[in-house]
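J.: Here it is, the structure in full.
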Amino acid sequence: MLLSNIKFPLAKFPKTSDYNHFPFSNINGVGNKKVLSSGKVKVLYDGYTYFNSPSHPLEAELHLQDYNAASDDEAGIGILPFFHGKNILLTGATGLLGKVLVEKILRSMSVGKIYLLIKAKDKEAAYTRLTNEITNSDLFKVLKEELGDSYEAITREKLIPIAGNICEPNLGMDSESIARVRKDVDVIIQSAASTILNDRYDLLVDANMSAPQRLMRFAKTCNNLTLLAHISTAYVSGKRDGLIMERPLIMGGNGRKEEHCDESALLDIVEENNLILKSSSSSSTEHDLTKNLKRLAQDRATLFGWHNSYHMTKAMGEMALGEIRGDVPLLIIRPTVIESTYKDPFPGWIQGNRMFDPVIMAYGKGQLPGFFGDSQVIMDIIPVDMVANTTIAAIAKEGNMHWPQPQLRVYHVASSATNPLLYSDFFEYLFHYFNSSPLIPSQEISRIIYFDNFQDFSEYTRNTINGGFFSARFDTGNTDRLIDAMSKEERLSFEVDARNIEWKKYFEEIHIPGLIKHIINGTM
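In terms of the UniProt record's numbering, the sequence shown opens at residue 1 and continues consecutively.
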């Protein structure tokens, strides 16, 4: 292979992180050469590792760090061996991602027990929710067909509902459950959260910051814990633009654009709790309390540079976990906007009205004749099965590592950097679908908001409607390296690569039909 055939120069990254061009015009027979699944060429020569087309120096350095741990194409990460016999504690199992995780793990791997922390008053109520909301869900129909008559027996054996509440001391579990989970659990997956964008500040802080702290404290008492995986959101980055890297958040940081940062806008979690107490004590009625705490939430998010208080409190949760984790290996998964399944277990399953779905339905009903925005803005959507698969594969990869010190690793699960989708294309797909399969127009018209001038309208849309527009893109270097490490069989069984999404097919043949079936027609 001639160097001229490579689009980017090969770069040398020794431990000093100095940059040098690869010094050879022909790399055939030079050192040990490996072509990764992403197309990158990795060469070992004279004690150094070289790569073609590193997206940035940090990526090349991380490749260098992971090189010895990466599996060859045949062995892969070892997802199935890692999970064999493992016992898992999962929170948020009745949510969209939680259900997909449960179904995928049950159908694809031979695990031990999956303990599901379910908000319920007792064991009987927890089991009722498990049956009604999880195992009877339409999502599980493929697994039900595969297992046949043994479906109920196997799900009873593998899925153990635990009555509890992550917002209570000891996770709301009774002493018997605490002892059993503490003794058995190997992996904890934290998927529970409050996703209401602008809820009361006290409720969001409790669910998205304090609750993960309680779970981490419990994790420290578990006898055989390999790691804790925390499901966050990519939008903890706040209003920063450009390329957002997969880096841990630092306690006291904020989401403002770099040029707007100053010491007066450094987040202090203790002070935020004090403000909540002060606002609560000054509210005379429940109505006033709700109004004041919602206003406080949005004011604090705006001050510190987040689009809404949900994103801010998820960032606070990450900061708190990083601060108190001690020697617990921590994996943070940051998905962007999660939508319906792409393939697994079948295309188009979804639960709840997601971020862009009200826009889709309003357009389909003729209620949205226009849309204010930049047609060239990139949307960042990721199917829920890819988020679940990335979580599973990343747990296996990080769990199989043997680091001298417990690691904190961040994975973005996103499409904007590798398979960008423009707003203009998005609405074109909607037009094609609803032009051929129109919905019945709605007679209900939303009240119009009037503006005296375009400047006021522009300010409103940027700062009020869902917190404004988002222009950043998310680096997926760790996820790319995850794909590189997976075997062909693992890539087929655990689809992770957002580059494989065909957006036109996804919206016109999968997502919109699934939205109509599972949300409008109510087949959960």
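Glycine residues also receive a C-beta, built at the ideal position from the N, C-alpha and C atoms.
Quick caveat, the model's predicted, so the values are computed rather than measured.
Which word fits H412, buried or exposed, when buried means at least 16 other C-beta atoms lie within 10 angstroms of its C-beta?
T.: That one is buried.
J.: Would you tell me roughly how many angstroms separate the C-alpha atoms of S194 and N208, rounded to the nearest one?
T.: 6 Å
J.: Of all the options L289, G164, V185 and N198, which has the alpha carbon lying nearest to the alpha carbon of A192?
T.: G164
J.: Can you list the beta strand (DSSP E) stretches of 3 or more residues lying completely in the region 71 to 96, in chain order?
T.: 88 to 91
J.: Name the two residues that bound the continuous alpha helix (DSSP H) containing Q298.
T.: In the DSSP assignment, Q298 falls within the unbroken alpha helix (DSSP H) covering E286 to F304.
J.: Quick one: grab the DSSP three-state call for M379.
T.: strand
J.: At the level of alpha carbons, what is the spacing between S340 and D385?
T.: 8 Å
J.: Does DSSP classify P335 as helix, strand or coil?
T.: strand
J.: Can the beta-carbon of I332 be found less than 8 Å from the beta-carbon of V387?
T.: Contact flag unset, no.
J.: Quick check on DSSP: helix, strand or coil for K119?
T.: strand
J.: Here's the rule I'm using: 16 or more other beta-carbon atoms within 10 Å means buried, otherwise exposed. How should G29 be labelled?
T.: Legend: pLDDT at G29 = 40, less than 50; position of this residue unreliable, no value from coordinates given.
J.: Quick check on the DSSP output: the alpha helix (DSSP H) that includes G322 runs from which residue to which?
T.: S309 to I324
J.: Roughly how many angstroms lie between the CA atoms of F431 and F507, to the nearest whole one?
T.: 11 Å
J.: Between L147, T155, T221 and G148, which lies nearest to N170 when the distance is taken from Cα to Cα?
T.: N170 has its Cα closest to that of T221, out of L147, T155, T221 and G148.
J.: Helix, strand or coil, according to DSSP, for P438 in the structure here?
T.: When DSSP states are grouped into helix, strand and coil, P438 belongs to the coil group.
J.: With a cut-off of 8 Å on the beta carbons, I'd call H230 and P248 a contact; round off their distance for me.
T.: In fact, because the Cβ distance is near 11 Å, the residues do not count as touching under 8 Å.
J.: Counting beta carbon pairs with one atom in the region 126 to 134 and one in the region 89 to 97, are three or more of them shorter than 8 Å?
T.: yes
J.: Tell me which residue opens and which closes the beta strand (DSSP E) that V162 is part of.
T.: Looking at the sequence itself, residue 162 is Ile, so the reference to Val does not match. That run of the beta strand (DSSP E) goes L159 to G164.
J.: May I ask you to list the residues that DSSP assigns as paired with R473?
T.: L243
J.: Between S471 and the rest of its own chain, which residues show a CB-CB distance below 6 Å, the 5 nearest in sequence each way excluded?
T.: D241
J.: Start and end of the alpha helix (DSSP H) containing E491?
T.: Before going on, a small fix: residue 491 reads as Arg here, not Glu. Run containing R491: K488 to S493, per the alpha helix (DSSP H) assignment.
J.: Leaving out five residues on either side along the sequence, give the residues of the same chain with a beta carbon under 7 Å from the beta carbon of P513.
T.: G348
J.: Out of V142, Q351 and P420, which has the shortest C-alpha to C-alpha gap to D380?
T.: P420
J.: Rounded to whole angstroms, what's the CA-CA distance from E502 to D425? Just pull it up for me.
T.: Rounded to the nearest angstrom, the two C-alpha atoms are 12 Å apart.
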